[in-house]
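A.B. asks:
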Ligand code: IVH
């Protein structure tokens, strides 16, 4: 090769690598964002972005993943559903996973979905695909297991594989049969459907909450979630929940071979099913149904956020299979968000764990699609500037399904002249420290970050409290009973000023029970029930003295470090000792190189990690945590083995028994990869009809095993 050509090629490779690196960083960031929002939605039932925004982020991820499949890591949301099940309930392993669903924003995306199904199944235009369509209920999915006609277990979806056992709560829901006709029902039957709260019951519940001086529920879905996960079934019973059956999990037998007949069969057995339900033969028919329900949405009496389309024939579904995230045979055609006009009463500033200042609009309470809305994050000051939002403005607010709403637009015509525009503060509203705006490097250029940050670090009480909250939170140390309220109290009592203090709490208490745990009854000071809760907390803390390295790193609150990068870094260094040792003795450059070599770790994360492990204050925090008696477990990931795990497979020619898409799914299901070119790294070649002869020859030369389609099917069936 001429040296110019060589140079050209190597510069091409460099550009490609640096582009990939940028994409990797971006993807990592998106994974992080989705994880955060999943947590807010599934765990806290308190989402912070609109459904539409959420869908947009997911869509972006899918697009990038499609172009760069090699950058997908185990943290991709396309490989995961929902959130971890709560420890409050017994766990139930689902016999078949309870998956999520893919979304379509418009008719074009529905058509694209149906085209992809035709391709996958090799059904041409002359053949009709039958679809069922039904409303997408905005509640919580549940699984009901009947054995010999008796309701045995009711469970939540949880993380899709393992849910929470909420049998007693489920039994309080009117309409869910406790027994079904044993003669007609399969011996074992798992019904799946949605638990929801009607608008009437939601309003009633909030009236009661209000009278009792309790916090109001934001929307029917939150109320349903809170009610379903009550520890005392009597509490659930008070909160009138309802149920629609729309699917099934496992069954010992099924009397029909299609969805439509089965749903009618379930209805016959006594399950509530949605009457707005139909069988259709074309996308145009589906869209007419969609438009009709959209028009009647407000009068249904419960929240729905779209229409679900499903392939009717079960044999086709079986062939289509599911991704880790959703079945291919269903899609949700989403409704547009609901909107309302209200007034901005005030803009408050919250200071987060890493010091980021987030402006939040306090709104004049307004009802949007059944939910009372009174505040909305404005994200950052750039956003305020871009939308020119001022206190006193009338604004359009939008809520899509289940989320903290979004200010979309100021109604300028209604603005009074005297409103002043909002500028970012120079000092932190909590601790008074200087506020800075970080810069990010984009290649050679520098760009300013959108957010501003308080530099107070450990001096800023807001940052310290948020750090402790993060430390104790579900994805970090996961300490039961040490939530926002308790942390605020312990902080103001000066009992917890840093995460380390959590592990000395019991000792401090035993040495000298502080007034905080005492309460007054009449004229006497007693130590009673409050003490019990403290003792419970100590137990919870003691249960968590052992932690995996990735969670430990995440809990430290290192800037930009999310769960997925923590996982990668933990997997690389294996132990906390190795990290402390390596990052302090190696040069910054060397550590940088090591960290950046990990697929999925970007520059920002790498810098933060090195900074955290070299800065004496933060390094000290790690050392003190270990000294307090914590065990950080060395990192060992378990991998499930199949006959073709981690193998790379290539197909050449046309397959007779299935489409390439279907073959790919099967291969990936067994833990192998389908590649597009042949190299020495290829393990197996499947030669279909009219294979590329050169590929077969090359495979033979390399000593790669070549299968015919039949041989391959036998091989993996074995
Ligand atoms: S079908 C995933 N049908 O939507 C395929 N799901 O975001 C099986 N949902 O987890 C479910 N109404 O909780 C199906 N008519 C309907 C639904 C529905 C609501 C929920 C369900 C699912 C979620 C996906």
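In this note's numbering, the protein residues as written are 494 to 1211.
Quick reminder that beta carbons are idealized off the backbone N, C-alpha and C, glycines included.
Small disclaimer: the values here were computed from a predicted structure and weren't measured.
Is the number of C-beta pairs between the region 624-632 and the region 852-862 that are closer than 8 Å three or more?
C.D. replies: Touching, no.
A.B. asks: Reducing DSSP to helix, strand and coil, say where residue 564 ends up.
C.D. replies: The residue labelled residue 564 in the question sits at position 71 within the chain shown. Of the three classes helix, strand and coil, the one that applies to residue 564 here is helix, per DSSP.
A.B. asks: Does the Cβ of residue 1195 have 16 or more other Cβ atoms within 10 Å, making it buried, or fewer, making it exposed?
C.D. replies: For the purposes of this step, residue 1195 is taken as residue 702 along the chain shown, with counting starting at 1. Classification for residue 1195: exposed.
A.B. asks: Below 7 Å CB to CB, which residues in the same chain sit around residue 1029 once its five sequence neighbours on both sides are set aside?
C.D. replies: Within the chain shown, the letter at position 536 stands for residue 1029. Once the five neighbours on either side are set aside, the close Cβ partners of residue 1029 are 974.
A.B. asks: Just how far apart, CA to CA, sit residue 912 and residue 882?
C.D. replies: As a position in the chain shown, residue 912 is number 419, starting the count at 1. As a position in the chain shown, residue 882 is number 389, starting the count at 1. In a straight line, the C-alpha of residue 912 is about 10 Å away from that of residue 882.
A.B. asks: Within 8 Å of any Cβ in chain D, is that where the Cβ of residue 950 sits?
C.D. replies: Note that chain D does not occur in the displayed structure, where there is just one protein chain.
A.B. asks: Does DSSP put residue 1086 in a helix, in a strand, or in coil?
C.D. replies: What you label residue 1086 is simply residue 593 of the chain shown in a count that begins at 1. Reduced to three states, the DSSP call for residue 1086 is helix.
A.B. asks: May I ask which residues mark the beginning and end of the alpha helix (DSSP H) holding residue 1111?
C.D. replies: Here residue 1111 refers to the residue found at position 618 of the chain shown. Here the alpha helix (DSSP H) through residue 1111 covers 1109-1120.
A.B. asks: Just to confirm before moving on: does the CB-CB distance between residue 1164 and residue 1182 stay below 8 Å?
C.D. replies: Position 671 of the chain shown, counting from 1, holds the residue named residue 1164. Position 689 of the chain shown, counting from 1, holds the residue named residue 1182. No, the Cβ-Cβ distance between residue 1164 and residue 1182 is not below 8 Å.
A.B. asks: Here's the rule: buried if 16 or more other CB atoms are within 10 angstroms of the residue's CB, otherwise exposed. What is residue 877?
C.D. replies: Translated into the one-based positions of the chain shown, residue 877 becomes position 384. That one is buried.
A.B. asks: On the three-pair Cβ rule with 8 Å, is the region 1103-1111 touching the region 1072-1079?
C.D. replies: Counting Cβ pairs under 8 Å, three or more are found: they touch.
A.B. asks: How many whole angstroms separate the CB atoms of residue 941 and residue 934, which I take to be in contact at a CB cut-off of 8 Å?
C.D. replies: As a first step, residue 941 is located in the chain shown; it is residue number 448 there, counting from the start. As a first step, residue 934 is located in the chain shown; it is residue number 441 there, counting from the start. Not a contact, Cβ separation roughly 11 Å.
A.B. asks: Should residue 650 be counted as a contact of the ligand IVH given a C-beta to heavy atom distance under 7 Å?
C.D. replies: Position 157 of the chain shown, counted from the first residue, corresponds to residue 650. Correct: residue 650 has its Cβ closer than 7 Å to the ligand IVH.
A.B. asks: What would DSSP say about residue 513, mapped onto helix, strand or coil?
C.D. replies: Numbered from its first residue, the chain shown carries residue 513 at position 20. Reduced to three states, the DSSP call for residue 513 is helix.
A.B. asks: Indicate, with yes or no, if the ligand IVH has a heavy atom lying under 7 Å from the CB of residue 593.
C.D. replies: In the chain shown, the residue the question calls residue 593 occupies position 100. For the ligand IVH, at least one heavy atom lies less than 7 Å from the Cβ of residue 593.
A.B. asks: Look up residue 649 in the DSSP assignment and give the residues it is bridged to.
C.D. replies: Along the chain shown, one-based indexing puts residue 649 at 156. DSSP lists 635 as partners of residue 649.
A.B. asks: Does DSSP put residue 765 in a helix, in a strand, or in coil?
C.D. replies: Looking up residue 765 in the chain shown gives position 272. Looking at residue 765 - three-state DSSP - the assignment turns out to be coil, as it is neither helix nor strand.
A.B. asks: At a cut-off of 7 Å, is residue 598 close to the ligand IVH when judged by its beta-carbon and the heavy atoms of the ligand?
C.D. replies: Position 105 of the chain shown holds residue 598. For the ligand IVH, not one heavy atom lies less than 7 Å from the Cβ of residue 598.
A.B. asks: Check whether the Cβ atoms of residue 735 and residue 792 lie closer than 8 Å to each other.
C.D. replies: Within the chain shown, numbered from 1, the residue matching residue 735 stands at position 242. Within the chain shown, numbered from 1, the residue matching residue 792 stands at position 299. Going by C-beta atoms, residue 735 is not nearer than 8 Å to residue 792.
A.B. asks: Taking buried to mean at least 16 other C-beta atoms within 10 Å of its own C-beta, is residue 521 buried or exposed?
C.D. replies: Counted from its first residue, the chain shown places residue 521 at position 28. It counts as buried.
A.B. asks: Verify whether the separation of the beta carbon atoms of residue 1202 and residue 1149 is less than 8 Å.
C.D. replies: In the chain shown, residue 1202 corresponds to position 709, counting from 1. In the chain shown, residue 1149 corresponds to position 656, counting from 1. Taking 8 Å as the Cβ cut-off, residue 1202 and residue 1149 qualify as a contacting pair.
A.B. asks: Using the Cβ count rule (16 or more neighbours within 10 Å means buried), how would you classify residue 951?
C.D. replies: In the chain shown, residue 951 corresponds to position 458, counting from 1. It is exposed - the Cβ of residue 951 has fewer than 16 other Cβ atoms within 10 Å.
A.B. asks: Compute every distance between the C-beta of residue 657 and the non-hydrogen atoms of the ligand IVH, then say whether any falls below 7 Å.
C.D. replies: Taking the first residue of the chain shown as position 1, residue 657 is located at position 164. Answer for residue 657: no, Cβ out of range of the ligand IVH.
A.B. asks: Can you have a look at residue 713 and say buried or exposed, based on whether 16 or more other CB atoms are within 10 angstroms of its CB?
C.D. replies: Stepping through the chain shown from its first residue, residue 713 is reached at position 220. Label assigned to residue 713: buried.
A.B. asks: Can you look up residue 710 in the DSSP assignment and give me helix, strand or coil?
C.D. replies: Against the chain shown, residue 710 aligns to sequence position 217. It is coil, neither helix nor strand.
A.B. asks: Can you tell me whether residue 909 is helix, strand or coil according to DSSP?
C.D. replies: Looking up residue 909 in the chain shown gives position 416. In this structure, residue 909 counts as coil in the three-state DSSP scheme.
A.B. asks: Quick one: what does DSSP say residue 803 is sitting in, helix, strand or coil?
C.D. replies: Along the chain shown, one-based indexing puts residue 803 at 310. In this structure, residue 803 counts as strand in the three-state DSSP scheme.
A.B. asks: With a Cβ-Cβ cutoff of 8 Å, do residue 902 and residue 889 count as a contact?
C.D. replies: For the purposes of this step, residue 902 is taken as the residue at position 409 of the chain shown. For the purposes of this step, residue 889 is taken as the residue at position 396 of the chain shown. For residue 902 and residue 889, yes; Cβs fall inside 8 Å.
A.B. asks: I believe residue 446 touches residue 1178 by the beta-carbon criterion, under 8 Å. Please report the beta-carbon distance rounded to the nearest angstrom.
C.D. replies: Because the chain in this structure spans residues 494 to 1211, residue 446 falls outside the shown range and cannot be described.
A.B. asks: With a threshold of 7 Å, establish whether the CB of residue 629 neighbours any heavy atom of the ligand IVH.
C.D. replies: Within the chain shown, the letter at position 136 stands for residue 629. Residue 629 Cβ: within cutoff of the ligand IVH.
A.B. asks: Who are the Cβ neighbours of residue 753 in its own chain at under 6 Å, not counting the five residues just before and after it?
C.D. replies: Translated into the one-based positions of the chain shown, residue 753 becomes position 260. Correct list, in chain order: 625, 772 and 805.
A.B. asks: In whole angstroms, give me the CA-to-CA distance for residue 1068 and residue 1128.
C.D. replies: As a position in the chain shown, residue 1068 is number 575, starting the count at 1. As a position in the chain shown, residue 1128 is number 635, starting the count at 1. Between residue 1068 and residue 1128, the C-alpha separation is close to 6 Å.
A.B. asks: Report the rounded CA-to-CA distance for residue 658 versus residue 592, giving the unit in angstroms.
C.D. replies: Taking the chain shown and counting its residues from 1, the one referred to as residue 658 is at position 165. Taking the chain shown and counting its residues from 1, the one referred to as residue 592 is at position 99. So the alpha carbons of these two residues sit roughly 17 Å apart.
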